[in-house]
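S.K.: Remember, the working numbering sits 439 above the position in the sequence shown when you count from 1.
Beta carbons: idealized from backbone N, C-alpha and C, even for Gly.
Keep in mind it's a predicted model, so treat the numbers as computed, not measured.
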Amino acid sequence: MADGPRIVLAIDYGTTYTGLAWAAQRGSLSPIALGDVKVFMKWPGKSGRLKVPSAYSYSRGRCSQWGYDIEPGSKTFIWTKLALTYGTPEEELKVLRDLMEGLDFMSGLKKSNGQAGLIDVPEHLTKSPEDVITDYLTKVSREWYRLISAEATHLLENIPLDIVMTHPVNWPYEAVNKTYRAVMAAFPKLMYGNVRDVYMTTEPEACALYTVTELLAEQHNTLIPGDCFVLCDAGGGTVDVASYVLESLSPLKMTRVGGLKGKRCGATCIDRAFLQWYSKKFKRSDIIDDDSSAGGHINLTETGRELLESFERHKTHFTGRETADIEVPEGFDDSSVISDSGVISLSTNDLVSIFSESVDGTLELLSKQIFEAKGAMHGGRRCHVSTIFLAGGLSENPYLVNKVKSFALENGSIAVKKAKDGWSAVVQGAVLTGAGTGATVPAPVQRIPRYYGVCMSEIYQDWKDGGADQLATDWYNGKQIVPDAITWLVRQGDVVLPGTNLERDFAVDCKFTSDMYKNGSSARITFVAARVDDWGHGAGPPTRLVQIDQKKNTVAHLDIPVTTFDIGELSKEHRAKGRGKYYTARINVKIRVSKKVKVDVEYKGKSVEAFDTLL
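#1: Cysteine 646 lies in the alpha helix (DSSP H); which residues open and close that run?
#2: Output yes or no for whether 7 Å exceeds the beta carbon distance between tyrosine 495 and tryptophan 505.
#3: By DSSP's criteria, lysine 692 is part of a beta bridge. Which residues make up the other side?
#4: Hey, quick one: how far does the alpha helix (DSSP H) through glutamine 989 stretch, first residue to last?
#5: Taking the Cβ atom as the reference point for each residue, do valine 478 and leucine 489 lie within a distance shorter than 7 Å?
#6: Cutting at 6 Å between CB atoms, please list the residues of its own chain near glycine 484, excluding the five before and the five after it.
#7: In chain order, what residues of the same chain lie with their CB nearer than 6 Å to the CB of alanine 882, ignoring the 5 residues before and after it?
#8: Taking its Cβ as the centre, do 16 or more other Cβ atoms sit within 10 Å of threonine 438, making it buried, or is it exposed?
#9: Less than 7 Å between the C-beta atoms of leucine 576 and isoleucine 587, yes or no?
#10: At the level of alpha carbons, what is the spacing between alanine 815 and arginine 499?
#11: Where does the unbroken beta strand (DSSP E) through alanine 815 begin, and where does it stop?
#12: In three-state DSSP terms, what is glutamate 761?
#13: To which residues of the same chain is valine 696 closer than 7 Å at the C-beta, ignoring the five residues directly before and after it?
#14: Any contact between the region 609–629 and the region 646–664? By contact I mean 3 or more CB pairs, one from each, below 8 Å.
#15: Look at the Cβ atom of isoleucine 471, then the Cβ atom of threonine 876, and state whether they are nearer than 7 Å.
#16: If I measure Cβ to Cβ from threonine 762 and keep anything under 7 Å in the same chain, skipping five residues before and after, which residues do I get?
#17: Which of helix, strand or coil does DSSP assign to alanine 393?
#18: Would you report the Cα separation of alanine 969 and serine 1010, rounded to the nearest angstrom?
#19: What residue range does the alpha helix (DSSP H) around cysteine 708 cover?
#20: If you run the structure through DSSP and keep just helix, strand and coil, what is aspartate 972?
#21: Apply the 10 Å Cβ neighbour rule to valine 985 and answer buried if 16 or more other Cβ atoms are within range, or exposed otherwise.
#22: Do you know whose CA, among Arg445, Gly458 and Val1047, lies nearest glutamine 867's CA?
#23: For the beta strand (DSSP E) holding asparagine 738, just list the boundary residues, first then last.
#24: Going by DSSP, what residue range makes up the beta strand (DSSP E) through proline 922?
#25: Below 8 Å CB to CB, which residues in the same chain sit around threonine 826 once its five sequence neighbours on both sides are set aside?
#26: Alanine 462 and aspartate 451: beta carbons closer than 7 Å?
#27: Roughly how far, in whole angstroms, is the beta-carbon of glycine 675 from the beta-carbon of threonine 454, given that I think they are within contact range, below 8 Å?
#28: On the DSSP bridge list, what partners appear for asparagine 1027?
#29: Where does proline 430 sit, in a helix, a strand or coil, going by DSSP?
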């Protein structure tokens, strides 16, 4: 990290709410204090809140489409963050079913439209989770840009901007990468020309740093050097836990013990259980838009939004003893389930049941983490867990807090405390992480500067290659093929995380005849590295080798003699046309990206040809 003044901006994109915070730092030798961290609070529709709802709408003809400022009647995407990861087989089957429903809907649009070629497809059906997050974060980015530009006109032009992104524990690479791409698209160089380094930190690690720093700043610290504490970040989508030993108070130094753990049992788990209770009890399906959930999105109807908003007030204050009366959404006309006062009633048992999966999941995480921490050795002795710190939006719920306190009492009278500002603890802790306050600044991530892929003929598919010219016929199987088609395995703009390689594998079937084997012929694999900028602003990468300017980009041919293959293990196949038979050998092309790009052609797990190039 270069020294000198800079701005550290943290983005905590959450399942239910998103936070933004920043601080100006004079240099790496001038660490910032907690009081220097500013949390963005000027959100459209509801200024003064520490966070903004992670909600976005593509409803047509409406000006207000995100966060707090979504107009009545809009269909709204929520919980999009959860769509970035793969779920259980049952969840993936649900996504496939929703996708087929979406395709049926589009087919219906085609049939009902009178003009050929003009299909009025709702915009949300064309959006992937990454697209939705990009559009949403672009709104967030523009609000912060306006604020900073109003306060200091040329600040962003003259001072480097370092960005810190947070993510849940055990977040898979694909989810981290999609979030990274969305953030980079939302903070473009035309607006933020001085974006320099981008850092990653997990949500519980950022939360732990803020929590201890805040306790020290308020002089309410009860921790003793050598004590171990467990941080529980109960957020919207996930609950994450981590444990630390406090090495020293001044300077602040913490060492993590045990692993990081997380589970999808946050606040949305409670919301989902409530919606399921409603749907099952009243046999209604008017919560989620039937034609909008393709690809894993959750697109709430106005009825769904009204139900969740009414339930939210009861969810926040539930202690385990109350009942709840939910206001009836407009258009709900089933008098058999509505009380005389016009509400839907939930008993205490109903609410306890709705909370159960979230609360039980949180206690399970804490139990495993404490067991692991108590068994860890640090400084020559076993760790003593003295405190559980609760943070995150769900930590405001008294029912969860009381359950955690009962659990802590049964496990050695562990103290349970909450941070002063637990809701924005993660985003403020991320600023401290990026500034090196109480923690070592993490290594920056690396942005991949080019597309990397493999060029080979592929079988023609109308849905994918419709309109493709210069088709050919495969000499072996007689199928139509697209010659020299490029399959991109790594995209320009993808992220390489510190200390890791980005690896991609691509299986290739090499066909050859006995004569080719006897004559020592070779199978050719063509590796391609190219920048998308060469095809103009906004254009996608090329799909054919003929589109590549080989003077500006990298094209490498890797030739593998067919005698490399164990012909005795291969079975013969008949040619589709004409006489003769041929063999097929399966090889693997592995691309590794780190400080450079390395390509290996593997057969039976061993490299038989290789090539490397600069990024």
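M.R.: Answer, in terms of the structure:
#1: 642–656
#2: yes
#3: Ser687
#4: Where glutamine 989 is concerned, there is no enclosing alpha helix (DSSP H), given that its DSSP letter is neither H nor E.
#5: A Cβ-Cβ contact shorter than 7 Å links valine 478 with leucine 489.
#6: Tyr507 and Asp508
#7: Pro937
#8: Nothing can be reported for residue 438: it is not among the residues displayed for the chain, which extend from 440 to 1054.
#9: For leucine 576 and isoleucine 587, no; Cβs fall outside 7 Å.
#10: 56 Å
#11: Here alanine 815 belongs to no beta strand (DSSP E), and DSSP marks it neither H nor E.
#12: coil
#13: Cys667, Ser682, Tyr683, Val684, Ala812, Ala815, His817 and Cys822
#14: Using a C-beta cut-off of 8 Å, the region 609–629 makes no contact with the region 646–664, since fewer than three inter-stretch Cβ pairs fall below that distance.
#15: For isoleucine 471 and threonine 876, yes; Cβs fall inside 7 Å.
#16: Ser784, Leu785, Ser786 and Thr787
#17: The requested residue 393 is not part of the displayed model; the chain covers only 440 to 1054.
#18: 38 Å
#19: 706–721
#20: Residue state, collapsed to three classes: helix.
#21: exposed
#22: Gly458 is the residue among Arg445, Gly458 and Val1047 whose C-alpha sits nearest the C-alpha of glutamine 867.
#23: 737–739
#24: 919–929
#25: Thr661, Leu662, Asp666, Phe668, Val669, Ile853, Ala854, Val855 and Lys856
#26: No.
#27: Rounded to the nearest angstrom, the Cβ distance from glycine 675 to threonine 454 is 4 Å, consistent with a contact under 8 Å.
#28: Ala946 and Glu1041
#29: What is shown of the chain runs 440 to 1054, which leaves residue 430 out entirely.
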